[in-house]
Amino acid sequence: MLAAVLSLTLLGALLGLALGIASRLLHVETPAIQAELEAILPGTNCGQCGYPGCAGAAAAIAAGTAPPTCCPPGGKAVALALADKLGLGLDPASMADAGPRLAVIAEDLCIGCCRCSKSCPTDAILGAPKQIHNVLKEACTGCAACVEHCPTEAVAMQPVPVTLPHWVMPKPLAA
Amino acid sequence: MSGNMTTLIRDGLWHNNVVFAQMLALCPTMAVTTSGTNGLGMGLATTAVLVVANVLVSLLRRVVSPQVRIPVFIVLIASLVTIVDMALNAWLHELYKVLGLFIALIVVNCAILGRAESFASRHPVGHAFIDGLAMGIGFTGALTLIGLIREFLGSGTLFAQASQLLGPAFAFLEMRIPGYAGALLMILPPGAFAALGFLLAGKQRLDARRAAQPDKAAVLA
Amino acid sequence: MRLDTLKEYTFYPPLLLGCTALLASAALSWVAGATRDAIAAAEARDLRESLTQVLPAGLADNDLLADRVQIDVGATAPLTVYRARHAGKPAAAVFRVEGKGYAGPIVLLMAVDQDGQVLGVRVLKHSETPGLGDKIEIGKTDWITAFNGKSLNTGRWAVRKDGGEFDQFAGATITPRAVVQAVKGGLEIFARHQDAMLGQPQDSATMGTARAHKEGKAS
Amino acid sequence: MGLMEKCFTRAWGVHPETHKRPAADVPTRTLPVPERLYVSLSQHLGAPARPAVLVGQKVRKGDKIADPQGAVSAALHAPTSGTIVAIGEIPAPHPSGLPVLAITLASDGKDEWTDLEGCADPFALAPAEISQRVAAAGVVGLGGATFPAAVKLSLSAKAKVRTLIINGGECEPYLSCDDRLMRDAAAACVDGIRIMLHATGASTALVGIEDDKPEAIAAMREAARPYAEVCIRPVPARYPMGSEKQLILTLTGQEVPADGRPGDVGVVVHNIGTARAVHAAIRHGEPLVARLVTVNGACIEAPGNILVPIGALVEDVLAFAGGLAAPPARLIMGGPMMGLALPHARVPVVKGTSGILALAAAEVGARATEPCIRCARCVRACPIGLLPLDMARRIAAGDLSGAVRIGLKDCIACGACAYVCPAHIPLVQYFAHAKGELAAQERARLRAEATKKLAQARTARLAREAQEKAELAARRKAERAAATSATASDTGAPA
Amino acid sequence: MKPAYDAAQPLAAPHAHAGHGVRQTMMRVQLALLPATLFGFWLYGWPAFFLWLITLAACLVFEFISLRLMGRAQIGRTLGDGSALLTGWLLALTLPPWAPWWVGVVGACIAIVVGKQVFGGLGHNVFNPAMVARVALLIAFPLPLTTWVAPLPLGSAAAPGFVEGLQITLGQLALPDAMSSATLLGHAKTELSRGLDLAQAFAGSTAPQPSWVGLRAGSLGESAAPLLLAGGLFLLATGVIRWQTPVGVLAGLAVPAAIAHALAPGHYLDAGTHLFAGALMLCAFFIATDYVTAPATGSGQLLFGLGVGLLTWVIRSLGGYPEGVAFAILLMNALTPIIDHYAKPRILGRTRSGRPIDPAPAGKET
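Protein chains in written order, with numbering that gives the first Met the number 0: chain D, 0 to 174; chain Z, 0 to 220; chain L, 0 to 218; chain W, 0 to 494; chain U, 0 to 365.
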């Protein structure tokens, strides 16, 4: 009996030693998922997600406190890429996507103050001081950063109208 | 940290039930539940191990270092199970003959290591004790229920041999349905899966119904 | 905290695991010692109970477990025979036989008295179809008691379908057939090795034809 | 093809009831030019055309009214003489009912041609010259895909194709405009084919005609008799025989690689109607301003083939065909298998309109969807060898990439699977949805990348500006310092 | 001028349909089963009819209950699709004709609830519901499921009348011992296990051939092998089933049976007996061809059929049970997704591995 007790104790000690050494030798830094997530996000730091910039949103998503669908300008594409990176399943059809939106400047209200163009993260608003400004449709990401900077409420977000080449056949209704 | 004992008990018995919610420990669940008595016996033995293991792990939680955490837990649990095995064999021999093969399996019952890892190693002794007890009773209840259903449908009896487990005073539990020979399939492994499946479906339906009527649930609770 | 700094050392894990192993094995060895006698007693009781099942009450007054021999009957493994004695005189032999059932071997325990009559047969182990072949169990039907009192000379050793005197069950012929053949085989072995199996009166228990030795553990 | 190959080649396709006759046997009629014509700017594959006329401008029939825009595009011509009254949005001939930009032309009733410049000997022209003239005439593929014909001609000349395949299959049920064209104008068709042979540099032309059109086969054989390079080849009537890949496989035994073009196997495919349009464009200088349209279906009073000026409303065509006998269950532009359901009849005929069908409910055979019983009829019907049931299941579960993995991108949307499905599952709609959704995701991805670049450019600009400002400030400071020290030295020197 | 539709969604192509539905398919299969079933009724009398009726009715009732519990819409239409009826019919054909009523009811419950609705209903079940029920019944109630009677054709003296038949089905009239008999395969298995060889086992009145036309104990679905074969050929001719599965099953059984019989005629039944005994014909044409649980492609179906045939032979010849069709079907059902994964058709313009093919230079191909 004594032999059994001793051998088990010795075995435990040896295995413990092996584990202790192994944990030292095989120590691995966990990869920074946050940086990878940040690379997927648009990088415009528009703040629509409610976090301080895209880096903040990436940290929140990595920590699990924000859903991968939290980036409105990114839409479905970014949400799917984020979910894919996190190994989460996401049904694209189930996502409520309001669709892309564009900033539109009402010409009769614009006073040419340039505040909106300074706030635009993608330089999508053109216009010299005291001139009516205009939005470049191709460059506008619909982040709405300009809306709150306009002193005359001349900037409004409007959904991008669906055109024939962008029309998508709806999913059949479930049987 | 959930300091609420009621929550712990409710989790163990229903919301986080080892079998019906966590879907752990399915090997003993499937194997021993050929009768209500077997299920009860296995459940009680597991409960004993679970409670002591939880308490020991909780006591050791500050001492244990992460590298050897799992080996230490395993050694503790394996020793406990072996002690229970020998004790049953010596002093509850009839029950041992029924459960013998499965007692050793408690070592690899993932519910026990699971509770040690996820709960006992992070909570004080009192909580760990209550958690182990609640989880164990929940497990016992689940096993007994599955066992009773299988026994009833499969051999037409209820709590057969209960007096061997609990003593002659409990002989009144033993019942037999006259004129029913039983559907053997329920005693065989497929019956275990079928019974578990239908019980799971039933639980989900109850939970869904309760979630649909929050006011009523609040009143009932 | 001091404990946390302690945990950083390489000697900590082996110390911890070693201590745990020491305590656990110490506890185990203590419990093993405490339960050893009780377990041995319980196992002996089990075997004794199954042996007395095939013997009529009051036939044997000796300890069957203590009086056993191993007999070479030409099979691969020697046959263990438990001898029942009444007042020191050989009364019956209890031994195992095996039949080839429908779904595997059927292990039977049978007792034969000194006249070659079957005293009792019980099934120890089988894997016959539940509900069909398992009627050979005493818990299901008392079919197995039909062998009581039969000997090689007095019975037609076959199932009714084959012209014998033993019933078959509806839907299963193979199982009863196998049991009948096995019991018959057991009687034939007994007829060939009767002396060795029954043994001499206790006082002159010198084994002539059979090798006999006590074993430490019953199988 | 070896014997083994023949035995183990999959049978594909379906045999729908054709309903082609009696409409195919009725002589062709011509739609009188309606008062207003609506010429859509997007009636070909590729970028929409750019208007080349102004509102109020007077045009004659055949005058160019819109220029091609980009590499893949086609010009548009006035379908009759009159005045341009508007350039604006009208409902598109599309199930979505979305608007499309169009030029509205008020007819002056004279239907007066502009000055046309024909060519007596096209074979003396350089192939590139033929392509240019075809492009100038705005000819597009008339089988339904409406790929600009000139682009295809010059591409195939570059790809050195050996075989020109002319698609006279017309496998869609109900449609008979190609059948009618071959019967009525076989000589013009064959001439067009020979011009296209010259333009592409191919040595032989195989004209595939389904064997349920014996009159068309006879007429074409007769017209092609003098020309050894033009072979008329009857093919078995089976849907979708008129699909490019299927026709190439049947006529040449060759398979076009999945991501490739017919040019990869030395083949180019044109529709028979395109050949006729090329003939008109080269021989007579006539641009494509009208086309033959089959008007058919149980709800049509007088089915038949009608020559319709591009831009006429479906409404006008239906009225000319005797009106509707009953309200149709579905109004379709194109064939029943791949055509578009129209939300109403106030949409214009475009260059790709091969048919206008007003189908009764019994013909459509629509029923409520039932669960898939995995009968695998769709698998046998699929001409490509896909597993439609599996793809639809994955799409229904939201697993678009899974559907792509098992071949969604190879689907040609022929509709054979949904046609045979006993559970009436809208398989094609699943695939169309998935393809649209994938395209939208891809667009969004490209947009996100572009956004990122723009954001980075702005950050760079801000950094540059800040640096420039700092440099400027530093320089000013240095200058000021220099000036001060200079003054100091100036003042201090005499001391 | 607006077409008379007001759809919730834009209508997608195609705007035509071949015109058949699920219901027609199910009806055709039932039509093909009819001759064999009627012959069975004649052979085994009223009890067989009552059991058949009870099983079918129970299937419909359990389908209704399941659909109600799951809150499905349009229960009436789903009930009318004929799938539950067909499941019940196939199950009834595999039961001992004189089995008591509760066998049919419990079987229907297992088939519809456990075998089909638990998986999500028609089209989602992994295993053939009728075979799930058959196997479950056999394991759960071995005695009633292995008690066969010799045929007593309607009109013959010993045949039970209407009332007697009802009593037998309701379990109120015990089966006379003399009537119980063994099926051909059961007889062969028993005799082989006694150590007799097949030549002795089938000597004289027990020759295997009469059972081919139903002159031996058995279920409705095994007594009329030629009629089932005819029904199967009808299904083939009408395009409801294709040749791959039946040919696979028949070949998968006949080939090993013929080889084994040639090597050891005393221990292995000949191929003809194997083909016409037991539920093989029913399996080959009606059960293995079940759309839902069989592979989707032709090559997959051939493979599936071969597997079923081979497994049937293995279980019959080497296993514990005399008949192995149901087990073989269930085992192969489990393999169906794998077969489907590997037996995909080649996509046009791609190689089998899914890469685009290399364009062969034109003119060089023969």
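Note that the Cβ used here is the ideal one computed from N, Cα and C, for glycine as well. Every value quoted in this text rests on a predicted model; they were computed, and no experiment measured them.
Where W/Glu300 sits in the DSSP three-state scheme: Correct three-state label for W/Glu300: coil.
Cutoff 9 Å: Z/Gly196 Cβ touching any chain U Cβ: For Z/Gly196, the nearest beta carbon of chain U is closer than 9 Å to its own beta carbon.
Member of W/Ala156, W/Asp66, W/Cys170, W/Lys60 whose CA lies at the smallest distance from the CA of W/Thr17: The option with the nearest alpha carbon to W/Thr17 is W/Cys170.
6 Å CB neighbourhood of U/Phe326 in its chain, flanking five on each side removed: For U/Phe326, where only same-chain residues beyond five positions count, the Cβ hits under 6 Å are Ile314.
For W/Glu441, the three-state DSSP class (helix, strand or coil): Reduced to three states, the DSSP call for W/Glu441 is helix.
Where Z/Ala193 meets chain U, residues with beta-carbon distance less than 8 Å: Per Cβ cutoff of 8 Å: Val113.
Status (buried if at least 16 other CB within 10 Å, exposed otherwise) for D/Thr151: Its Cβ having fewer than 16 others within 10 Å, D/Thr151 is exposed.
Pair within 9 Å by beta-carbon distance, U/Ile109 and U/Leu136: Yes; because the gap between Cβ atoms is below 9 Å, this pair is in contact.
Cutoff 8 Å; reference U/Trp242; Cβ partners in own chain excluding five residues on either side: Correct list, in chain order: Leu235.
Interface flag, Z/Val31 vs chain L, CB-CB below 9 Å: It does not: the Cβ of Z/Val31 has no partner Cβ on chain L nearer than 9 Å.
Cβ-based burial, L/Thr153 [other Cβ within 10 Å; buried from 16]: Taking all protein chains in view, the Cβ of L/Thr153 is surrounded by fewer than 16 other Cβ atoms within 10 Å, so the residue is classified as exposed.
Status (buried if at least 16 other CB within 10 Å, exposed otherwise) for W/Phe122: Burial call: exposed.
6 Å CB neighbourhood of W/Cys6 in its chain, flanking five on each side removed: Low confidence applies to W/Cys6: its pLDDT is 47, below 50, so where it sits in the model is not reliable enough to give any reading.
Reference D/Gly126; option with closest CA among D/Leu10, D/Glu106, D/Ala143, D/Gly141: From the listed residues D/Leu10, D/Glu106, D/Ala143, D/Gly141, the smallest Cα separation to D/Gly126 is found for D/Glu106.
DSSP-derived helix/strand/coil call for L/Phe165: Of the three classes helix, strand and coil, the one that applies to L/Phe165 here is strand, per DSSP.
Beta-carbon neighbours of Z/Arg183, restricted to chain U and to distances below 9 Å: The sequence given here places Leu at residue 183 of chain Z; Arg does not occur at that position. Correct list: Ile138, Ala139, Phe140, Pro141.
U/Val162, buried or exposed, once every other Cβ within 10 Å from all chains shown has been counted against 16: It is exposed - the Cβ of U/Val162 has fewer than 16 other Cβ atoms within 10 Å.
Alpha-carbon spacing of W/Asp177 relative to W/Thr352, whole angstroms: Distance between the alpha carbons of W/Asp177 and W/Thr352 is about 12 Å.
Chain-ordered chain D contacts of L/Pro13 [CB-CB under 9 Å]: For L/Pro13, the C-beta contacts it makes with chain D under 9 Å involve Gly11, Ala12, Leu13, Leu14, Gly15, Leu16, Ala17, Leu18, Gly19, in order along the chain.
Given 8 Å, three or more beta-carbon pairs between the segment 38 to 58 of chain Z and the segment 101 to 120 of chain Z: The segment 38 to 58 of chain Z vs the segment 101 to 120 of chain Z: in contact.
Where the beta strand (DSSP E) containing L/Gln69 begins and where it ends: Unbroken beta strand (DSSP E) run through L/Gln69: 67 to 70.
9 Å Cβ cutoff, D/Leu7 in contact with chain L: Answer yes: the Cβ-Cβ gap between D/Leu7 and chain L drops below 9 Å somewhere.
Cα-Cα separation between W/Ser41 and W/His14, rounded to whole angstroms: Cα to Cα, the separation comes out at about 33 Å.
CB contact flag (U/Ala17, U/Ala57, <9 Å): No, these two residues do not count as a Cβ contact at 9 Å.
Test item: CB-CB of U/Ala256 and U/Asp269 under 9 Å: Closer than 9 Å, so yes.
Per-residue DSSP class, three states only, for W/Arg28: Judged by DSSP in its simplified three-state form, W/Arg28 adopts strand.
Closer than 9 Å to chain Z by CB, L/Leu27: It does; some Cβ of chain Z falls within 9 Å.
Residue of L/Ala102, L/Pro89, L/Met109, L/Gly103 minimising C-alpha distance to L/Val96: Nearest of L/Ala102, L/Pro89, L/Met109, L/Gly103 to L/Val96, Cα basis: L/Met109.
is_contact[Z/Pro189, chain U] using C-beta, thresh 9 Å: It does: the Cβ of Z/Pro189 has a partner Cβ on chain U nearer than 9 Å.
Residue(s) in a DSSP beta bridge with W/Asp66: Partner(s): W/Arg49.
CA-to-CA distance, U/Ile338 to U/Gly308, given in whole angstroms: Taking the straight line joining both Cα atoms gives about 16 Å.
As assigned by DSSP and simplified to three states, the class of L/Thr140: Reduced to three states, the DSSP call for L/Thr140 is coil.
Given L/Ala20 as reference, the closest of Z/Leu79, Z/Met29, Z/Arg149, Z/Leu91 once Cα atoms are compared: The option with the nearest alpha carbon to L/Ala20 is Z/Leu79.
For W/Gly521, the residue or residues it bridges with in DSSP: No answer is possible for residue 521 of chain W: the residues shown for chain W start at 0 and end at 494.
Residue interval of the beta strand (DSSP E) (run including W/Ala105): That run of the beta strand (DSSP E) goes 98 to 106.
Limits of the unbroken beta strand (DSSP E) element including Z/Trp71: Looking at the sequence shown, residue 71 of chain Z is not Trp but Val. In the DSSP assignment, Z/Val71 falls outside any beta strand (DSSP E) and lies within the alpha helix (DSSP H) extending over 68 to 90.
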